[in-house]
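Each remark here refers to the structure printed beneath this line.
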Amino acid sequence: MNDSIMKLFGVVFVLFGLLVAFTSRWTVFEAKALRDQPRNARPILEELRIKRGRILAANGAVLARPVPGPGGTFGRAYPFGGVFAHAVGYSNAALGQRAGLEKSENDTLTGQDDAVSSFLDELRGHQRRGNTVVTTLRPAAQKAALAGLAGRNGAVVALDPRTGAVQALAANPSFDPSHPARGGSQFDRATQSGYPPGSTFKTVTAVAAIDSGRFTPASTLSGRSPQIISGTPLSNDAGEQFGTIDLTTALTNSVNTVWAQVAVALGRRTMTSYMKRFGFYRRPPLDLPAGERAASHVVDFKGRVREPTSDQVDLGRVGIGQGGLEVTPLQMAMVASAIANRGRLMTPHLVARTVDPDGRTRSTVKPRLYSRVMKPSTAAQVGTMMQSVVRGGTGTQAALSGIDVAGKTGTAEVGCNRQKGVQTWFIAFAPAKAPRVAVAVAVECSGGFGGTVAAPIAKTVMETILRG
910 MNDSIMKLFG
920 VVFVLFGLLV
930 AFTSRWTVFE
940 AKALRDQPRN
950 ARPILEELRI
960 KRGRILAANG
970 AVLARPVPGP
980 GGTFGRAYPF
990 GGVFAHAVGY
1000 SNAALGQRAG
1010 LEKSENDTLT
1020 GQDDAVSSFL
1030 DELRGHQRRG
1040 NTVVTTLRPA
1050 AQKAALAGLA
1060 GRNGAVVALD
1070 PRTGAVQALA
1080 ANPSFDPSHP
1090 ARGGSQFDRA
1100 TQSGYPPGST
1110 FKTVTAVAAI
1120 DSGRFTPAST
1130 LSGRSPQIIS
1140 GTPLSNDAGE
1150 QFGTIDLTTA
1160 LTNSVNTVWA
1170 QVAVALGRRT
1180 MTSYMKRFGF
1190 YRRPPLDLPA
1200 GERAASHVVD
1210 FKGRVREPTS
1220 DQVDLGRVGI
1230 GQGGLEVTPL
1240 QMAMVASAIA
1250 NRGRLMTPHL
1260 VARTVDPDGR
1270 TRSTVKPRLY
1280 SRVMKPSTAA
1290 QVGTMMQSVV
1300 RGGTGTQAAL
1310 SGIDVAGKTG
1320 TAEVGCNRQK
1330 GVQTWFIAFA
1340 PAKAPRVAVA
1350 VAVECSGGFG
1360 GTVAAPIAKT
1370 VMETILRG
C-alpha cells in the first residue's frame, strides 16, 4: 500500500512540476515571444491599459508622457511636438506602430523588460506601470540646432566626446509624433542620410597620414591646381593656386590637391583601416532601432558599396570627401568626437538611465569605448591643425569669444532638384584643450560654403552647450 501511495505521489508531483514548467514557460520565460506573435491581439489590449513610462530630457523636461484614454486605456502626448520627434519617436499601441526611443525602449517603457516582476504584479492585481527613460538630450541645444537650420533641410548632431552622450540630434524636416501620418518626414537626416562630406573628411585623411607615421603636420606637398589624380584633373576650389605647403596650411585652407595626394600615397589598405576605426561600414551603435541607423560608406558609379581597397574607388577623391563617399551627420560627429577625446571614440548613446515608477534608478548607462582610433599624440596634432582652420582659415565664423574651437569646413558638389548645388558641412569640438562638445552640421542644397552656412550653426549649438 505504501509503495502504491508513493508511486501515486510521484506521478502527481511530476504532473505538478510539468504544469509549473509550462505555465512559467509562457508567462515568464517565453512571454516576449508570445507577445510578439503578429496574430496575438491580447498584447495590444494589455498594452493600451499600461501606464507607459515617460521619456525625459537631461534637465528633466518631459519629452513624452502617458495621457488617460477611454475605458482605462492610455494614449501618448509629446509636449515638444516635432522638436525631438526623430530621437524620441512615437508610439501607437492600438496600431502596433512605434519609432525612435519609443520603439527601442518599448519593453522598459511598458515594464515588460522584467517578466518575473510583471507576472507577480498581475498575480497581485496591480496595474502594470512603465518605467521612465531619462535621455542625454538637452532642449536648449536641440532648439538652437533647429533654429540654425531655419527651415532648411539638414541635420545637427552634438556629442559629449568624453562619454558619447548625445546632446542634440536634430533634423529638418521633422514630423508631429502625435500624428506621424499627417505629413512631415520621418526620415532622420541625422542618422539615415547619405551625404558626401566634402572637406570635413580631410580630418580622417589627416589622422591616417599622421597616425600611420607616413606624414607629419610639417610635411610638404605641392598645392598647384589642377593636378592629375587617378587619371583625371583635380582642382582646388575656384582653381586657387598654392606652392609647396605643409599639411597644416593645406588643412587651414582646405587644399584639395594636397589631400588627394596624401590619400593616394597612404594607399587603399591604410585609408580603409582608419575609416573602419572611425566606424565607417558599420551601423553606428546608437540606441535607436537598427532601421533608423545607416552605415557610412563608399559607393561606385553603379551605387554598389565598395571599400577603398577596391580599384573601382577613386581613392584621391575619397580622401577629400567626394568619390562616392556617403556619410551621416552622426558619423562625422563621431569623427570630431574621436579627435577631441585623444583618439578614443566613445559609444554614442541617447539613454542616460532608467527609473522605476517609485523613482528608484533601475539602470545607468556608463561611458563605453567603441574604438581606439588613433594615438593621443595624433589627436593632439590634428586638433591643433583644426584650430588653425577656425583661427585663420575657412572656419572663422565658428570662433567663440574666449574659447578655442577646433573645426573643419566642407562643401561638396551634389545634385539639387536636377541642378548642381552644394552640400555644406562643418564639424568641430570645443574647448579645444578640454573638449565638452563635438558637433557636426550638414545643410542640404544650401548654396554658399561650409564656413558661411554650416559653421555659424555649429557655433550657436556649441555656445549654447558650453555656456548653458
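Just add 909 to the spot in the sequence shown (first one is 1) and you have the numbering used here.
Every residue gets a Cβ at the ideal spot worked out from N, C-alpha and C, and that includes glycine.
The C-alpha of residue 1070 is placed about 6 Å away from the C-alpha of residue 1250. Shortest Cα-Cα distance from residue 1362 to any of 1314, 1303 and 1310 involves 1303. Relative to residue 1213, the option among 1235, 1198, 1199 and 1193 whose CA is nearest is 1235.
Looking from the CA of residue 1230, the closest CA among 1279, 1050, 960 and 1110 belongs to 1110. Going by C-alpha positions, residue 1366 is about 20 Å away from residue 1163.
Under the three-pair Cβ rule at 8 Å, the stretch 1147 to 1163 counts as touching the stretch 1122 to 1135. Around the beta-carbon of residue 1285, fewer than 16 other beta-carbon atoms lie within 10 Å, marking it exposed. If you draw a 10 Å sphere on the C-beta of residue 968, you find fewer than 16 other C-beta atoms in it, and that means exposed. Per DSSP, the unbroken alpha helix (DSSP H) holding residue 1185 starts and ends at 1177 to 1187.
Between the stretch 1283 to 1301 and the stretch 1086 to 1105 there are fewer than three C-beta pairs closer than 8 Å, too few to call the two in contact. Boundaries of the alpha helix (DSSP H) harbouring residue 1015: 1015 to 1018, taken from the DSSP string.
Residue 984 and residue 961 have their C-alpha atoms spaced approximately 8 Å apart.
Nearest to residue 999 by C-alpha distance, out of 1138, 977, 964 and 1058, is 964. In this structure, the beta-carbon distance from residue 1347 to residue 1068 falls below 8 Å.
Residue pairing of residue 960 in beta bridges, as defined by DSSP: 1038.
The C-beta distance from residue 1209 to residue 1215 rounds to 5 Å, short enough to fall under 8 Å.
In this structure, the beta-carbon distance from residue 1047 to residue 1169 does not fall below 8 Å. The three-state reading of DSSP puts residue 1253 in strand, counting E and B together.
Taken atom to atom, the span from the alpha-carbon of residue 1297 to that of residue 1313 is near 10 Å.
Residue range 1285 to 1301 is occupied by the alpha helix (DSSP H) that includes residue 1286. Distance from the Cα of residue 1124 is smallest, within the candidate group 1324, 1299 and 1291, for 1291.
Looking at the DSSP output, residue 1352 sits in a beta bridge with 1063 and 1333.
In this structure, 1253 is the residue among 1253, 1268, 1295 and 1287 with its C-alpha nearest to the C-alpha of residue 1277.
Take the alpha-carbon of residue 1011 and the one of residue 994: they are about 10 Å apart.
Annotated as proximal: residue 1349 and residue 1238, with beta-carbon spacing under 8 Å. By the CB criterion at 8 Å, residue 1082 and residue 1062 fall inside the cutoff. DSSP places residue 1206 inside the beta strand (DSSP E), whose first and last residues are 1206 to 1208. CA-CA distance, residue 1039 to residue 976, rounds to 13 Å. At the C-beta level, residue 1218 and residue 1177 come within 8 Å of one another. When the Cα atoms are used, residue 1173 and residue 1228 turn out to be separated by approximately 8 Å. A straight line joining the alpha-carbon of residue 1241 with that of residue 1019 spans about 34 Å.
Secondary structure at residue 1309: strand, using DSSP grouped into helix, strand and coil. Beta-bridge analysis with DSSP links residue 1338 to 1315 and 1347. Using a Cβ distance threshold of 8 Å, residue 997 and residue 973 count as a contacting pair.
Under the three-state reduction of DSSP output, residue 984 falls in the strand class. Boundaries of the alpha helix (DSSP H) around residue 1116: 1111 to 1120.
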